[in-house]
Amino acid sequence: NAGVMQNPRHLVRRRGQEARLRCSPMKGHSHVYWYRQLPEEGLKFMVYLQKENIIDESGMPKERFSAEFPKEGPSILRIQQVVRGDSAAYFCASWKTDTQYFGPGTRLTVL
Amino acid sequence: GQQLNQSPQSMFIQEGEDVSMNCTSSSIFNTWLWYKQDPGEGPVLLIALYKAGELTSNGRLTAQFGITRKDSFLNISASIPSDVGIYFCAGQRTQGGSEKLVFGKGMKLTVNP
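Chains as they are written, first to last, in my numbering: chain C, 1 to 111; chain L, 1001 to 1113.
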């Protein structure tokens, strides 16, 4: 997966809990895209961040979801008060010369 | 949100056969990308196409960027068992500084040895 790191790989949460998903892009890259994949579906864009800035959050649900990419450390996708419908695979992608390279994903299961 | 029309949805072929798949869109894209996803993994880039009409090969894979910029196809020749997986097309356009991708629903390929 071209050096894009995501953790945890699997995350189980009960309804109402918080989920934090982390993404470290390829070394030296400062652009991160987050996508969500429901079973049997393609990936859908959620948010695009550069270091310390949200550039495009047009795919983010209006409530409970937030994302950040601090100056130091990984990008974080945060889901508050998770519901069963949040169960999905969440991927981040690192942007390099017009192409996006994906991490292995975090599979979130909400019980 | 927008999603590309990818077909077929699945294919079952014998080892050694060729397979073709395509994607269409009602919107224009600047770039077309083809990814392969194995179970439990992230999509892996196979081919990227940057110019309308461009035909690009990568080993047994050949892909073309449609002249109208609204479609693309991918061919796999002489399939082998490790070609099994889900193939996604993705269109990319620049909007407000964002290069977000729009994906098809995927084509699940099964190769019988």
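C-beta atoms are modelled at their ideal positions from N, C-alpha and C, and glycine is treated no differently.
Treat the numbers as computed from the prediction; the structure is a model and nothing was measured.
Inset, instruction - Run through the segment 26 to 95 of chain C for me and flag every whole beta strand (DSSP E) of 3 or more residues, listed as ranges in chain order. - result: List check, beta strand (DSSP E) in window: 31 to 37, 43 to 50, 53 to 56, 65 to 68, 75 to 79.
Margin query: Along the segment 91 to 109 of chain C, where does the CB come closer than 7 Å to a CB of chain L? Name the residues.
Written below: The segment 91 to 109 of chain C vs chain L, Cβ under 7 Å: F91, W95, D98, T99, Q100, Y101, F102, G103, P104, G105.
| said: Could you compute how far the alpha carbon of A93 of chain C sits from the alpha carbon of F45 of chain C? | reply: Rounded to whole angstroms, A93 of chain C to F45 of chain C spans 10 Å at the Cα level.
| said: I'd like to know whether the C-beta atoms of N1005 of chain L and R1093 of chain L end up nearer to each other than 7 Å. | reply: No, they are not a contact pair.
One question on the structure: do L65 of chain C and L49 of chain C come within less than 7 Å of each other, judged by their Cβ atoms? Residue identity check: residue 65 of chain C is Phe in the sequence provided, not Leu. Cβ distance not < 7 Å, so F65 of chain C and L49 of chain C don't count as in contact.
* Starting from the beta carbon of E41 of chain C, find every residue of chain L whose beta carbon is closer than 7 Å, and list them in chain order. => Chain L residues near E41 of chain C: K1105.
key: Within chain C, partners of F1088 of chain L - CB distance below 7 Å   = Around F1088 of chain L, the beta-carbon contacts reaching into chain C at under 7 Å are G42.
Review point. What beta strand (DSSP E) runs, 3 residues minimum, are completely inside the segment 1020 to 1067 of chain L?
Key: With a minimum length of 3 residues, the continuous beta strand (DSSP E) runs that stay inside the segment 1020 to 1067 of chain L are 1031 to 1037, 1044 to 1049, 1055 to 1058, 1061 to 1065.
- Cβ pair F1065 of chain L, L1049 of chain L closer than 7 Å: A contact, by the Cβ cut-off of 7 Å.
Quiz prompt | Three-state class that DSSP yields for S1082 of chain L in the structure shown | solution = For S1082 of chain L, the secondary structure class from DSSP, reduced to helix, strand or coil, is helix.
Kindly indicate if chain C contains any beta-carbon less than 7 Å away from that of G1097 of chain L.
With respect to chain C, the C-beta atom of G1097 of chain L has a partner C-beta closer than 7 Å.
Of the listed residues L:L1074, L:P1039, L:P1081, L:D1038, nearest to C1023 of chain L (C-alpha basis) | Residue L:L1074 holds the alpha-carbon nearest to the alpha-carbon of C1023 of chain L among L:L1074, L:P1039, L:P1081, L:D1038.
| request: Report yes or no: is there a C-beta of chain C within less than 7 Å of the C-beta of A1078 of chain L? | output: The beta-carbon of A1078 of chain L is placed no less than 7 Å from the nearest beta-carbon of chain C.
ask   = Distance, Cα to Cα, V1019 of chain L vs V4 of chain C?
value = Taking the straight line joining both Cα atoms gives about 30 Å.
> What residues of chain C sit near G1042 of chain L, judged by a beta carbon separation below 7 Å?
Replying inline: One finds N1, F91, F102, G103, P104, G105 in chain C with Cβ atoms closer than 7 Å to the Cβ of G1042 of chain L, taken in chain order.
* Anything in the segment 1048 to 1076 of chain L with a Cβ closer than 9 Å to a Cβ of chain C? List those residues in chain order, please. => Interface annotation for the segment 1048 to 1076 of chain L against chain C: A1048, Y1050, criterion Cβ-Cβ distance under 9 Å.
*Spatial neighbours of L1033 of chain L within its chain, please: CB distance less than 6 Å, with the 5 preceding and 5 following residues excluded, ordered by chain position.*
Excluding residues within five positions, the ones whose Cβ falls inside 6 Å are A1048, A1090.
Straight-line CA distance for K27 of chain C to Y1035 of chain L? So the two alpha carbons sit approximately 22 Å from each other.
- Against chain L: residues of the segment 42 to 65 of chain C by CB proximity under 7 Å: Identification of residues in the segment 42 to 65 of chain C having a C-beta nearer than 7 Å to some C-beta of chain L yields G42, L43, K44, F45, Y48, I55, D56, G59, given in sequence order.
Chain-order list of residues whose beta-carbon lies under 8 Å from that of S75 of chain C (same chain, five-residue window excluded) = Around S75 of chain C: R22, C23, S24, P25, V32, W34, L49, A67, E68, F69, C92.
Task: Of the listed residues L:S1072, L:E1099, L:L1061, nearest to D1083 of chain L (C-alpha basis) - done: Ranking L:S1072, L:E1099, L:L1061 by Cα distance to D1083 of chain L puts L:L1061 first.
If you follow the beta strand (DSSP E) that Q1014 of chain L is in, where does it begin and where does it stop? Note, Q1014 of chain L: beta strand (DSSP E), 1010 to 1014.
*asked:* Would K1036 of chain L pass as an interface residue toward chain C - the criterion being a Cβ-Cβ separation below 7 Å?
replied: So no, K1036 of chain L is outside the interface.
Helix, strand or coil for D1018 of chain L per DSSP?
-> D1018 of chain L: coil per DSSP, three-state reduction.
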